[in-house]
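Written below as structure tokens is the structure these notes are about.
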Amino acid sequence: MTKRTEWAATEIEQLKSEGRYIPIRTIESAQGAHVTIEGKSMLNLCSNNYLGLANHPEVVKAALRAIEEFGVGAGAVRSIAGTNTLHMKVEKKLAEFKNMDSSIVFQGGLLANSGTIPVMVGKEDIVFSEELNHASIIDGVRLSSAKRSMYRHLDMEDLESKLKENRKEGKKAMIISDGVFSMDGDIAPLDRITELGEKYDAMIYVDDAHGEGVLGSHGRGIVDHFHLHDRVDLEMGTFSKALGTMGGFSAGSKSLIDLLHQRARPFLFSSALNPGDTAAVLKSLEILERDDSLVKKLWKNSTSLKKGLEDAGFNTGSSKTPITPVMVGDEKKTLELSSTLYKEGVFASPIVFPTVAKGSARIRLMPSAVHSSEDISTAIEKFTSIGKKIGVI
Ligand SMILES: *Cc1c(COP(=O)(O)O)cnc(C)c1O
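Sequential numbering from -16 applies to the sequence shown in our numbering.
Laid out in structure tokens, this is it:
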């Protein structure tokens, strides 16, 4: 250990004293409604495995088969020797699933955003960015060097006034928004955003990370939910949430996606998605296409979870999707609620600043299609008894 990194210890102490130091738990089993942590079975209420596809037998089998055929690694970046037939199949299947002309696969959603945005806009252009956009959008916009104009959360009047005021500062313009906001579960008014984009000649870019597998027919996502096919320029998404695996994508017009295949830096400079993951995505998409029962079950579970918590007196914010924030506010109280739940067999991680604004700390619950109705009742009972005991409700 060198002395030159002692500043890190000081920062850690600071985090602990502010109640912002998050214990990182280690999962000792597969993902699912229940996971093993420290040798104990816990009710899992905080992973993004919305549909249970992370450990779905057919998906696991598809990944194993692909590993046997293609090996564990893709071998190179996509543009040199890393593109295999699985990548081509997924890109085709995704475009069909999303009703877009074409798609490109990345190694993650974060990389999809940081790779795609700088190809679409540059320093002569302007981005209109919603204030609660995901960190990977913010990074992508920074990397692009485009001018930035931020508009207030879900506020279309504010977006229009920013467009009126600033549109002429950019040669090209683009409005970027999360589709479903990951910490609150509310939905961007993509229909209004699209109208404004059309009116002010701004491209429309939506991050559908939490809409895939959740919104629209068979979980086709936010563009399908609002019936905006052929009107949204770029739909970006991830495979790591409802699709249960790893990776990300961008979908749009044929020429735009062609250009991304030539220019996006994570495509050119980072090795391709592994065969096992790629085959798993393909299988997850097939399952969603043929059957929407998992999506229906997810919504059923999330409706009963929200209702139970609200009836008990919890504030679950303004969520319109399965994402269920239990708003506490105070950081230390949130950590106490989470650690007491943990002692009683409920795994529900706290979310504090800087992931959310100071004073809006919460526990974000993620019900899934693989929770049973008993799991949901247990969650409500435990939250209610512990919430009362520590004075949150
Ligand atoms: C999770 C998430 C990402 C990143 O996706 P990964 O595949 O996990 O890298 C991007 N955008 C939003 C809105 C997300 O919630």
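Backbone N, C-alpha and C fix where the C-beta goes; we use that ideal spot for every residue, glycine too.
Spatial neighbours of His212 in its own chain (CB-CB distance under 7 Å, excluding positions within 5 residues in sequence) are listed in chain order as Asn82, Val206. With contacts defined as CB atoms closer than 8 Å, Thr307 and Thr299 qualify as a contacting pair.
Buried is the label assigned to Gln90, since at least 16 other Cβ atoms lie within 10 Å of its Cβ. Note that the stretch 326 to 333 touches the stretch 17 to 30; at least 3 beta-carbon pairs, one per stretch, sit closer than 8 Å. A distance of 8 Å or more separates the beta carbons of Ala45 and Gly227.
Runs of beta strand (DSSP E) with 3 or more residues, each lying fully within the stretch -6 to 68, are found at 17 to 20, 23 to 27, listed in chain order. The stretch 246 to 265 makes contact with the stretch 98 to 105: 3 or more CB pairs, one atom from each, lie closer than 8 Å. Look at Asp161 here: in three-state DSSP terms it is strand. Here Pro350 is buried: its Cβ has 16 or more other Cβ atoms, across all protein chains shown, within 10 Å. When secondary structure is reduced to three states using DSSP, Ser301 falls in the coil class, being assigned neither helix nor strand.
Residue pairing of Ala78 in beta bridges, as defined by DSSP: absent, with no partner found. By the Cβ criterion, the stretch 104 to 124 is in contact with the stretch 155 to 163, since at least three pairs of Cβ atoms, one from each stretch, lie closer than 8 Å.
The beta carbons of Leu69 and Phe80 sit no closer together than 8 Å. An exposed status is given to His210, since fewer than 16 other beta-carbon atoms sit within 10 Å of its beta-carbon. Pairwise C-beta distances place the stretch 309 to 316 in contact with the stretch -10 to 8, as three or more of them are shorter than 8 Å.
Taking Glu74 as the centre and dropping the five residues before and after it, the same chain places the C-beta of Ser86, Ile87, Val88 closer than 7 Å to its C-beta, in chain order.
Selection Gly259, Ser165, His354, Lys279 evaluated against Ile334 yields Ser165 as nearest (Cα-Cα). Taking all protein chains shown into account, Arg273 has fewer than 16 neighbouring C-beta atoms within 10 Å of its C-beta and is therefore exposed.
Linking Val189 to Pro305 through their CA atoms gives a straight-line distance of about 19 Å. Glu11 and Ser128 have their C-alpha atoms roughly 42 Å apart. Nearest Cα to Lys237 within the set Ile(-5), Ala78, His17: Ala78. Between ligand 1 and the CB of Ser128, the shortest heavy atom gap is not smaller than 7 Å. The stretch 176 to 221 is shown to contain whole alpha helix (DSSP H) runs of 4 or more residues at 205 to 208, in chain order. Counting along the chain, Thr307 sits inside no alpha helix (DSSP H); it lies in the beta strand (DSSP E) bounded by residues 307 to 312.
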